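Enquirer:
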Amino acid sequence: HSPHVLRAVAGTHRRDHLFVALEHVQGQTLAQWMIDHPRPALAEVRDIVVQIARGLQAFHRMEMLHQDLRPENIMIDHTGTVKIIDFGAVHVAGLAETAVHGGSAAILGTVQYTAPEYFWGGPGTPQSDLFSLGVITYQMLTGRLPYGTQVAGLRTRAALLRLRYASALHDESRPIPAWIDAVLERAVHPNPLKRQAELSEFVHELHQPGAATLARARPPLAERNPLMFWRATALVLVVTVVVLLGLLHRQG
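For the sequence shown, the working numbering assigns the number 357 to the initial residue and increments by one for each residue that follows.
Dropping the structure here:
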């Protein structure tokens with residue numbers, strides 16, 4: 357059991373019907389928290405993400421996927437403890453193998469937070485839950501979604517190629533380090549194989565970027581600022597020509 361997953365409560369009375377009693381959490385959803393904290397500090401976001409990740413890791417250790425991680429399904433109690441709730445879309449490996457399938461699989465999660473692989477019938481993996489956590493992290497920091505509603509249109513792999521990540525750096529009113537943006541872009545990559553391999557890797561990168569992350573966060577000048585690149589190139593060429601002309605003049 358994880359303190360970051362809603363706990364089932366053992367009943368004390370005889371049961372006449374099948375039901376599960378769950379603990380009551382006094383607090384607010386992450387959705388409401390984001391409304392109350394439109395510009396949270398990076399440290400606050402990290403603390404929440406760490407706790408959500410621990411809750412997801414508890415699912416993954418049991419070979420389960422949450423599949424519907426979104427701000428409305430995350431509670432923050434009065435002590436600041438974060439808990440994952442609502443298990444209606446949870447995938448359990450053993451049960452899934454014995455389930456009767458008919459027709460195309462339904463999308464169980466909420467569209468804006470659902471990993472693209474689900475839309476073309478791909479299997480869910482821990483990286484699918486990571487995608488949802490990446491979207492939530494991006495939203496806490498920017499107030500936006502990394503792909504808007506584009507993800508819902510991904511019915512084929514060809515559509516995947518048209519998906520474009522909206523950099524978290526575009527909003528000057530919410531300054532975010534470039535390397536954090538690179539970490540987020542990787543976490544919500546449409547291809548699950550290009551996301552972080554583990555939730556722990558994502559959390560670690562949010563605190564301390566690796567060399568690869570820093571390299572992605574600092575692309576060549578030609579990509580960051582093409583105008584400045586070509587101005588600098590032209591200046592170098594002019595200086596080179598002037599120097600060569602000076603040398604030729606002396607030799608003449």
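Built from N, CA and C at the ideal position, the CB exists for glycine as well.
Keep in mind that this is a model prediction, so the values were computed, not measured.
(1) Per DSSP, which residues does residue 447 bridge with? Please list them.
(2) With the cut-off set at 8 angstroms, would you say residue 383 and residue 424 are in Cβ contact?
(3) Mind checking residue 656: buried by the 16 CB within 10 Å criterion, or exposed?
(4) Between the Cα of residue 550 and the Cα atoms of 527, 472 and 404, which residue gives the shortest distance?
(5) Among 449, 512 and 476, which has the Cα closest to the Cα of residue 417?
(6) Which partner residues does residue 383 have in the DSSP bridge list?
(7) Find out if the Cβ-Cβ distance for the pair residue 482, residue 562 is shorter than 8 angstroms.
(8) At what residue ranges does the region 474-557 contain a whole run of the alpha helix (DSSP H), taking only runs of 4 or more?
(9) DSSP three-state call for residue 391: helix, strand or coil?
(10) Between which two residues does the beta strand (DSSP E) harbouring residue 440 extend?
(11) By alpha-carbon positions, which one of 498, 404 and 543 ends up nearest to residue 529?
Expert: Straight from the coordinates:
(1) 421
(2) no
(3) No statement about residue 656 is possible, as the shown extent of the chain runs from 357 to 608 and does not include it.
(4) 472
(5) 449
(6) 433
(7) no
(8) 482-498, 513-516 and 534-543
(9) helix
(10) 438-440
(11) 498
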